[in-house]
Structure formats: C-alpha cells, structure tokens
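Peer 1: Residue numbers (my numbering): -17 to 295. For every residue, glycine included, the Cβ atom is placed at its ideal position computed from N, Cα and C. My questions all concern the structure below.
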C-alpha cells in the first residue's frame, strides 16, 4: 500500500554543483527545514522521485535532475503538550520569540522525551503540532540560556530557515571565557564530530565551515566577558571555537578545563547566553531586534568575577 501523503508535493532542480553527491546528502542541504532522517524515510517510502522514478538514498546525482518530494504522513509522535512556563519576549500570528532558561531541553530525544521546550510550545499553541518540530527553526544547548525564534506557520518556518541558512539572522551571545582575551577576532575554523569522542564536536580539517566573530566586552584578568556573533550555526560552535583558541567557556562540562571549577569561577553550567536576536519578519519583511539580559545566575557570576578583579587591581 502506498504511503499516505501528508502535504503538497514540491519539485526542485538539482544544481550542477551537486554532481556526484548522494541524493540524501544533497536534499539535506537543499531542503534544510527537514531533518536528514526524515528525508531518508521519505526516500525509502518511494515518496522522492528523480526524473519521475523512485531512487535510493545513495543514488549519485549528475546535476540538472528534477526531484519531486511528496511528504509522507508519519505516525503521531508521543510528544504531548505540557504546561511549562515560557518567557515570551514577542508573539504575533507568524512567530514567537522566547527567552529560554538554562536547563530546558529544546527538543525531545533519547533520555528527554518530556519536559522540553517543544512540549511547552504544544501547550501554549496547539496548532504548532502541524509543523515540523513544532515550528522550532534553531536550537540552544540545554544549559545555554537566551533568545530563540519559533515559527507559527509553515510559510514563516520556511522563510526563517532560509534566512538562517543565508546568514540573514543575527545571533549574538555573551560568554565568560577563561583567561585574558586581549582583542577582538574572527575565529574561522571548520567544525565536525570529534574523531574519538563521538558525542562531542571539534575543530577538524574536514569539518563544515564555521565562523565566529568575537568582541571583548570586559577583561577581568582571570576571565573575559565576550560578545560572540555567529556567522554560521554549527553544533556547539562558540563552545568549540573558544576552547580551540585556549579560552574555554567558564563552567563548560564538555569543552572546558579543570581551571576554575572552584572559587570565584565556580559555575554549574557553561556561561553562555543568547543575548541579541535580529531578524526579518517572515510575513512583513520588517526588521526586528530583541535583546535579553543574562539571567540571574550568569549576572551573579559576572559580578563575582568583577569584584575579584577589582580587589586585586
């Protein structure tokens, strides 16, 4: 029995530059609002046709092919609405901007099937159940706080995903890093899976391009408050890049060091906060800017470090 169709089919033409790429790899880049696993499921179900014929995920493209994608209806997920408080900074008919607290997982996964931002969104706006990932278009790590945008319509989600991929969304973070960072810089270093620690990321030669612009906000000697602007959005990008230059984020359990695990630099999560979000409204095109100050624990850490630095000045 053919799979049930969940939505209208879309057709795209494979760019010449994708010649030699696998079908699933090419679609992961050309259809960024769908996960690679979902695209592979659609391919396996015969819902993706290349020049009119079903093709395997490993099909090698030559460029110029016409690819039709007919989304397949998937079994209902176990994700349930949960009454979890949300700090909503802005909301309209097309999007929601949230100031996520540290400790809140964004999306259900292994070991975190409930109690996530997605569950909270489904309670706040039940219609989001009709959108992939309940409208979530980018993520923050569990223990990173700050601003996130969520789409409320399919059109808004597609527009926001496009703008993120085109580097037209500005995301600035505050990070307290170990050591004395003397000057602004741009860290341009590819990021991929760590060669031996598969749950971590690292700067690796064959990784995906990654660029972080770093500005010094305040120097304390033992640590530096930095403002980091993402040009790309790789997993753990700021954490990996700062660790790679010898200035890991204070409290980072994965990329930090043993320095500062006690005393004034003691902190039970990575000191990273998404403080500024600038984007184009997906429906009106109007420029929007949002800013969220660091939460109380991060602000208290900065005050402790500032006081320590002043005492030793």
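Count the other CB atoms, across all protein chains shown, that sit within 10 Å of the CB of residue 127; report buried if there are 16 or more and exposed otherwise.
Peer 2: Buried is the call here.
Peer 1: Can you tell me whether DSSP reads residue 119 as helix, strand or coil?
Peer 2: It is coil, neither helix nor strand.
Peer 1: For residue 51, does the count of other Cβ atoms within 10 angstroms reach 16, so buried, or fall short, so exposed?
Peer 2: Residue 51 is buried by the Cβ-count criterion.
Peer 1: Which runs of the beta strand (DSSP E) at least 3 residues long sit entirely within the segment -16 to 59? Give them in chain order.
Peer 2: Listed in chain order, they are -8 to -5, 30 to 32 and 48 to 51.
Peer 1: Whose C-alpha, out of 175, 219 and 180, is nearest the C-alpha of residue 196?
Peer 2: Comparing Cα positions, the closest option is 219.
Peer 1: So, with DSSP's three-state summary, where would you put residue 259?
Peer 2: Reduced to three states, the DSSP call for residue 259 is strand.
Peer 1: Give a yes or no on whether the C-beta atoms belonging to residue 134 and residue 117 are separated by under 9 Å.
Peer 2: For residue 134 and residue 117, yes; Cβs fall inside 9 Å.
Peer 1: What number of angstroms, rounded off, separates the C-alpha of residue 145 from the C-alpha of residue 257?
Peer 2: Distance between the alpha carbons of residue 145 and residue 257 is about 19 Å.
Peer 1: Say whether the segment 65 to 81 touches the segment 33 to 52, bearing in mind that this needs 3 or more beta-carbon pairs closer than 8 Å, one atom from each stretch.
Peer 2: With the cut-off at 8 Å, the segment 65 to 81 and the segment 33 to 52 do not touch.
Peer 1: What residue from 63, 170 and 87 has the CA that sits closest to residue 216's CA?
Peer 2: Nearest of 63, 170 and 87 to residue 216, Cα basis: 170.
Peer 1: Quick one: what's residue 112 bridged to in DSSP?
Peer 2: Answer by DSSP bridge pairing: none, since residue 112 is not bridged.
Peer 1: What three-state label does DSSP hand residue 273 in the structure shown?
Peer 2: The answer is strand: DSSP assigns residue 273 an E or B state.
Peer 1: Could you pull the start and end residues of the beta strand (DSSP E) that residue 211 belongs to?
Peer 2: Where residue 211 is concerned, the enclosing beta strand (DSSP E) stretches over 205 to 212.
Peer 1: Should residue 238 be labelled buried (16 or more other beta-carbon atoms within 10 Å of its own) or exposed?
Peer 2: Classification of residue 238: buried, given that the 10 Å Cβ count is 16 or more.
Peer 1: By the 10 Å Cβ neighbour count, where 16 or more other Cβ atoms means buried, how is residue 98 classified, buried or exposed?
Peer 2: By the 10 Å Cβ count, residue 98 comes out buried.
Peer 1: Classify residue 58 as buried or exposed, calling it buried when 16 or more other Cβ atoms lie within 10 Å of its own Cβ.
Peer 2: With a pLDDT of only 44 at residue 58, under the threshold of 50, the placement of this residue in the model should not be trusted, and no figure is reported.
Peer 1: Within the continuous beta strand (DSSP E) that includes residue 157, where are the two ends?
Peer 2: It spans 152 to 160 - the beta strand (DSSP E) in which residue 157 sits, taken as one unbroken run.
Peer 1: For residue 119, count the other beta carbons within 10 Å of its own beta carbon; 16 or more makes it buried, fewer makes it exposed. Which is it?
Peer 2: Residue 119 should be labelled buried.
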